[in-house]
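Be aware that the sequence shown starts at 1, since it is given in the numbering used here, and climbs by one per residue.
The beta-carbon is built from N, C-alpha and C at its ideal position, and this holds for glycine as well.
The structure displayed is predicted, hence computed values, not measured ones.
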Amino acid sequence: DRWRLRAQSDIVPEFVPLDLTDTSSVRAAARQGWDLVVHTAGPFQGVERPVVLQEAIAAGVPYVDVCDDTDLCKAAKELHASAVASAIPAAVSCGIWPG
């Protein structure tokens, strides 16, 4: 019901600028009561930990990203059990690249 009500409203997405190297600021942002985190801030290359995903799961917020880095995607997929245990939908590497 919550999602049906939201879909019928005039909610506008909000963009939140973050320092993705500052875990505490990512944690604080994730805990602001969002309905969904959509992570499109690249570059994803060279990032070792999926901090935004970790904090979204911890905050109980569904998550989607467009990660295009193989190693980071593998690290994100290691959080599968945590997301399932928390009943949090999380889709990684939804991609902006064809193929």
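{"Asked": "Taking C-alpha atoms, which residue in Thr23, Gly95, Arg27 and Thr70 lies nearest to Val64?", "Found": "Gly95"}
{"Asked": "Rounded to whole angstroms, what's the CA-CA distance from Val26 to Glu14? Just pull it up for me.", "Found": "15 Å"}
{"Asked": "Take the Cβ of Gln54 as the centre, count every other Cβ of all protein chains shown within 10 Å, and call the residue buried at 16 or more, exposed below.", "Found": "buried"}
{"Asked": "Tell me which same chain residues have a C-beta within less than 8 Å of the C-beta of Thr23, skipping the five on either side of it?", "Found": "Val51 and Glu55"}
{"Asked": "What does a CB cutoff of less than 7 Å around Gly60 pick up in its chain, not counting 5 residues either side in sequence?", "Found": "Ser86 and Ile88"}
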